[in-house]
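The structure appears below as structure tokens.
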Amino acid sequence: MNDRMILKTKLLDKLHEALAAVLPIVVLVLLLSLTVAPIPSGVLLSFLLGASMLIGGMMFFSVGAEVAMEPMGQLVGARVTRTKNLALILLLGFWLGVLITVSEPDLQVLAGQVQAIPNMVLILAVAIGVGGFLVLALLRVLYGISLRLLLFGFYTLVLILTALAPVHFRAVAFDSGGVTTGPMTVPFIMAFGLGITAIRSDSNASNDSFGMVALCSVGPILAVLVLSLIYRADGVDYAPFLVPNVGNSIELRTLFGNGLPEVMMDMLISIVPITLFFFVFNFIMLKLQFQTLSRIGLGILYTYIGLTVFMTGANYGFMPAGVYLGQTLGGLPFKWLIIPVGIFIGYLVVRAEPAVYVLMRQVEDLTDGAISGTSLQLSMCVGVGVSVGLSMLRVMLGFNVLWILVPGYALALLMSFLCPKLFTAIAFDSGGVASGPMTAAFLLPMTMGFCTAMGGDLATDAFGVVALVAMTPLITIQMLGLIYRFRTRHHVQPVEVADPYADLTDDAVIEL
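Read left to right, the sequence shown gives residues 0 to 511 (numbering that gives the first Met the number 0).
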């Protein structure tokens, strides 16, 4: 089968995945609009166009991640580890963390919302936090340091600093841990970790190949908390989202057409640094053949197209629908209805997160199918559904998000000492994976719309939903691990990970 046929097959497979992920959300929103939550025709039309763009974007992104981003990360990780130069490995890891974080478009949005801290100060602080914790993650992998102890120590520090930080910054700090691990960074960081651990031949290599995203999610939280103590601002200003008034198809075309160039530029800024880094790295160390490079280049193009189409549909189609849906449900006499609706929407939305399928595939590949991607996805869906329901309850009752986050993280950390190590690493990675662009483009706007209808404070009541989305999968996936341990009646046997690159050239690795 030639490359063209293989690519066509991959596109069709990813199209089926995208349809299965997005169509249930479309059906649910249509049912709500026809029954209890009527949506104006312009907003509904924008939503339907956005849904079609999400499907196409997920298809291209998934193929691009598989063809380009994952091989790039694995090759860089494996090649730099072969040098056995610890200083080079750590320096490269730090700059990769900084470079990827500065390029993350979701972080730019968050920085613009935190008016009390200059944008560049916040972005650089978060980037340094990610870079530093990526170095820590590399040291953990290379020296086999316990992930459980690191997570316990750093999340304890997070909770202490949270108690000292201004109230308006607490939700922002936890939200920052989710937005920095977006669809652009997750595939590369996870594959980079896989490339690093593939050099090791010990029995714990499979356990240590996960957990890099988990640690990289802690750095931004600490960075924002420290900044809030330095700046000591009184509050955080958030501008409520304005639902665009689309009256006909021409105005719809104008809305998406005007937004497309901005999204294209944001995605270009996101993908160019990683691309330039890889090609410079290839020129110096990898020296791949032209055919291999051209295949990676095509995958990068697919990634760019997919992210651009996906984010345009999410920002201009799903976001207005989310805001209006939240406002409409908040205006009903039976406001409690938004809790079960939120649970169901949260359950469905995580299925449309592009990076979730990257995590599912890597877990299945690494464990040889011992942990199925379907069970992993189901655990994440349940966790995110619960988190959205809790978010809506929090908006209705107005209690502090820490009332959920503190006991939730305490339970997750306690469970990490009871369930298999591999499940703990996957669970804490999944928190960053689940809180992706769909959370920012649909769940958060829906919560903001509901909060506005209820007359609540956006900073203290609505924001924090990303933090909850990032927390609940830690519990549900570790529950899956406990069930797995109970059924097998013994510890999960670690999967032996031999070095797949030992007897192959870098070009041959890509051919695989």
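Don't be surprised by glycine CBs; every beta carbon is placed ideally from N, CA and C.
Rounded separation between A409 and A162 - CA only: 15 Å
Through-space distance from T34 to G92, alpha-carbon basis: 52 Å
Complete runs of the beta strand (DSSP E) confined to the segment 442-491 [at least 3 residues]: none
Limits of the unbroken alpha helix (DSSP H) element including I295: F289 to G312
Straight-line Cα distance separating M4 from I220: 45 Å
Beta-carbon proximity check, V358 vs S269, cutoff 8 Å: First, the amino acid is wrong: residue 358 is Leu here, not Val. Result no, Cβ atoms of L358 and S269 do not sit closer than 8 Å.
Inter-residue spacing [alpha-carbon to alpha-carbon] between V25 and S390: 22 Å
Backbone secondary structure at S216 - three-state DSSP: coil
Alpha-carbon to alpha-carbon, F289 and Y346: 43 Å
Proximal residues to A411 (C-beta, below 6 Å), its chain only, five neighbours per side dropped: L473 and I474
Coarse secondary structure for F276, derived from DSSP in three states: helix
Range covered by the alpha helix (DSSP H) that runs through M68: Where M68 is concerned, there is no enclosing alpha helix (DSSP H), given that its DSSP letter is neither H nor E.
Given 8 Å, three or more beta-carbon pairs between the segment 371-383 and the segment 37-53: no
Alpha-carbon spacing of V28 relative to F278, whole angstroms: 43 Å
Reference A222, options I273, Y154, T471 and L300, closest by Cα: Y154
6 Å Cβ shell around I195 - same chain, five flanking residues per side excluded: G76, T80 and V140
Beta-carbon gap between L164 and L121 smaller than 8 Å: The sequence given here places Ala at residue 164; Leu does not occur at that position. No, the Cβ-Cβ distance between A164 and L121 is not below 8 Å.
6 Å Cβ shell around E69 - same chain, five flanking residues per side excluded: P186 and A190
Three or more C-beta pairs below 8 Å linking the segment 443-457 and the segment 321-341: yes
The alpha helix (DSSP H) enclosing T366, as first and last residue numbers: Unbroken run through T366: none, as it is neither H nor E.
D174, buried or exposed, once every other Cβ within 10 Å from all chains shown has been counted against 16: buried
Coil, strand or helix - A36 by DSSP: coil
CB contact flag (S374, T471, <8 Å): no
Pairwise C-alpha distance: I273 and I99: 7 Å
DSSP three-state assignment for K13, whether helix, strand or coil: helix
CB contact flag (A424, F132, <8 Å): no
Three-pair Cβ contact test at 8 Å for the segment 292-312 versus the segment 415-424: no
For L392 and L31, believed in contact at Cβ under 8 Å, the rounded distance: About 19 Å; that fails the 8 Å criterion.
Distance cut-off 7 Å: L412 Cβ against heavy atoms of the ligand MG: Looking at this structure, you won't find the ligand MG or any other ligand, since it has none at all.
Cβ-Cβ distance between F282 and A440 below 8 Å: no
With 16 other Cβ atoms within 10 Å as the buried cut-off, status of K13: buried
Contact check, V432 vs E352, beta carbons under 8 Å: yes
Beta-carbon spacing of A320, V42 below 8 Å: yes
Separation of G397 from L106, as counted between CA atoms: 27 Å
Local Cβ density within 10 Å of A461, reported as buried at 16 or more and exposed below that: buried
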